[in-house]
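Chemist: Below are the structure tokens for one structure; questions will follow.
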Amino acid sequence: MLSVAVIAKDTAQTLPECLNSAKNLSDDIVVVVDAATIDATAQ
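2 is the number of the first residue of the sequence shown in our numbering; add one for each residue after it.
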């Protein structure tokens with residue numbers, strides 16, 4: 002089993018593509034969003 006962890010800050014435009022790529026590589030994906038994010042990363 003492989004898990005992917007992504008630490009994200011202000012990555013709303015690139016995060017979806019990153020997660021889409023990672024879903025084929027792992028069983029679990031954990032995303033941690035920095036509290037100082039000012040874009041729509043958390044959505």
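Note that the Cβ used here is the ideal one computed from N, Cα and C, for glycine as well.
Given that a residue counts as buried once 16 or more other Cβ atoms are within 10 Å of its Cβ, and exposed if not, what is T15?
Modeler: In the sequence shown, counting from the first residue as 1, residue 15 sits at position 14. When all chains shown are included, T15 counts as exposed.
Chemist: Give me the Cα-Cα distance between I30 and L20, rounded to the nearest whole angstrom.
Modeler: As a working note, residue 30 is residue 29 in the sequence shown. As a working note, residue 20 is residue 19 in the sequence shown. About 8 Å.
Chemist: Per DSSP, what are the beta-bridge partners of S4 in this structure?
Modeler: Here residue 4 corresponds to residue number 3 of the sequence shown, with the count starting at 1. According to DSSP, which records beta bridges pairwise, S4 is partnered with D29.
Chemist: Just confirm the distance between the C-beta atoms of D35 and A13, as a whole number of angstroms; I'd bet it's less than 8 Å.
Modeler: The residue given as residue 35 occupies position 34 in the sequence shown. The residue given as residue 13 occupies position 12 in the sequence shown. Contact flag wrong, Cβ pair sits at about 12 Å.
Chemist: Taking just the CA atoms, how far does E18 sit from D40?
Modeler: Indexing the sequence shown from 1 puts residue 40 at position 39. Indexing the sequence shown from 1 puts residue 18 at position 17. Rounded to the nearest angstrom, the two C-alpha atoms are 16 Å apart.
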